[in-house]
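Visitor: One structure coming up, written as structure tokens, with questions to follow.
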Amino acid sequence: MPQSSSDGSRQRAVILQRMAAAAAPSTHARLLAVSKTQSVDAIRVLAEAGQHSFGENYVQEAARKREALAELGLEWHLIGTLQSNKCQLAARTFDWIQTVDRTKLIAPLAQARAGIEGRLQLLVQVNVDDEASKSGCKPDQIEDLAERIAREPALQLRGLMAIPAPHADPELRRPAFARMRELFVALSARHAEVDTLSMGMSDDFEIALAEGATLVRIGTALFGARAASGGA
Ligand SMILES: *Cc1c(COP(=O)(O)O)cnc(C)c1O
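Residue numbers (this note's numbering): 1 to 232.
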């Protein structure tokens with residue numbers, strides 16, 4: 001059952017409370033509202049309740065929504081896999097791209113962003129559980145990606161993102177979150193501008209926060225279940 005639009009703002013208040021209770025000491029964690037497949041009206045309701053940052057998985061869907069909601073000045077994050085042939089539109093549509101996982105994305109993003117106001121904020125996506133055919137780089141590739149991003153004036157490295165393997169018991173994802181925290185601390189020590197660790201979704205965000213997440217990506221718990229047919 002889709003939620004009525006007023007549920008979104010009430011659910012947001014509940015989630016912000018749960019986040020505050022779960023966050024690691026002295027961590028200020030941000031809520032990214034994952035709005036893939038959700039309507040422009042549902043996004044507007046949350047924006048009016050104070051939500052500023054929205055996450056989308058598909059570049060074209062996000063470009064459409066951004067244009068429809070331009071007057072609200074929202075912040076848009078790409079959290080879906082980025083194909084090389086979408087770099088141009090992605091660099092113009094998003095404020096943040098959380099899914100940089102290979103070197104060949106970097107030059108096209110930098111070129112497409114040049115001349116646009118504000119640097120494109122990037123997270124390196126890590127395949128923390130080393131799953132076959134999953135997006136994300138290996139942990140030992142993080143530093144090479146970070147250095148290449150740091151050389152591009154139009155790009156700014158902000159941290160790391162991960163989607164741990166989908167265990168039925170979310171508690172089994174805790175070691176992956178802890179490993180991400182170690183990788184994040186090591187990266188922050190080498191790159192002063194790194195301040196964001198994006199991990200945790202509707203069913204595991206409290207565990208992720210306890211392990212040091214600074215940004216959680218939440219869809220279902222905010223908007224209700226997505227239509228089964230999914231995206232684009
Ligand atoms: C869809 C999605 C989310 C949100 O998942 P929910 O379980 O609905 O909270 C978070 N992160 C990524 C990368 C996603 O694709």
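Cβ coordinates follow ideal geometry from the N, Cα and C atoms, glycine included. For clarity, every value in this text was computed on a predicted model and none was experimentally measured.
1. Quick one: using the 10 Å Cβ neighbour count with 16 as the cut-off for buried, is V185 buried or exposed?
2. Relative to the C-alpha of E56, which residue among V34, C87 and A47 is closest?
3. Around the Cβ of N127, are there at least 16 other Cβ atoms within 10 angstroms (buried) or fewer (exposed)?
4. Within the region 101 to 180, note down every full alpha helix (DSSP H) run reaching 4 residues or more, in order along the chain.
5. Do you know offhand how far V100's Cα is from A192's?
6. Within the present structure, is the beta-carbon of M201 separated from the nearest heavy atom of ligand 1 by less than 7 Å?
7. Would the beta-carbon of A22 be found less than 7 Å away from any heavy atom of ligand 1?
8. Give me the residue from R92, R119 and R173 with the minimum Cα distance to Q156.
9. Could you check which residue in R151, E117 and P108 has the C-alpha nearest to that of Q83?
10. If distances are taken between C-alpha atoms only, which option among E171, L123 and V40 comes closest to A208?
11. Just list the residues that DSSP pairs V216 with in beta bridges.
12. For L209, name the three-state secondary structure that DSSP assigns.
13. With a cut-off of 8 Å on the beta carbons, I'd call T220 and S202 a contact; round off their distance for me.
14. May I have the straight-line CA-CA distance separating M233 from R151, to the nearest angstrom?
15. Would you mind reading off the limits of the beta strand (DSSP E) that contains L78?
16. Let me check you understand the geometry: is the CB of T81 closer than 7 Å to at least one non-hydrogen atom of ligand 1?
17. Which first and last residues belong to the alpha helix (DSSP H) in which L89 is found?
18. Quick check on the burial criterion: 16 or more other C-beta atoms within 10 angstroms. Buried or exposed for T103?
19. Using the DSSP secondary-structure output, state which residues sit across from G55 in a beta bridge.
20. With 16 other CB atoms within 10 Å as the buried threshold, where does L72 fall?
21. Could you check whether L222 and R12 sit closer than 8 Å to each other, using their CB atoms as the reference points?
22. Pairing CB atoms from the region 92 to 99 with CB atoms from the region 61 to 75, are three or more of them under 8 Å?
Guide: Let's see:
1. exposed
2. The residue with the shortest Cα to Cα distance from E56 is V34.
3. Buried.
4. Runs found: 106 to 113 and 142 to 150.
5. 19 Å
6. Yes, the beta carbon of M201 sits closer than 7 Å to at least one heavy atom of ligand 1.
7. no
8. R119
9. P108
10. E171
11. L31
12. helix
13. 4 Å
14. For residue 233 there is no data in the structure shown, the boundaries of the chain being 1 and 232.
15. E75 to L78
16. no
17. C87 to T93
18. Exposed, since its Cβ has fewer than 16 Cβ neighbours within 10 Å.
19. V34 and H77
20. Classification of L72: exposed, given that the 10 Å Cβ count is below 16.
21. For the pair R12 and L222, the CB atoms are nearer than the 8 Å cut-off.
22. yes
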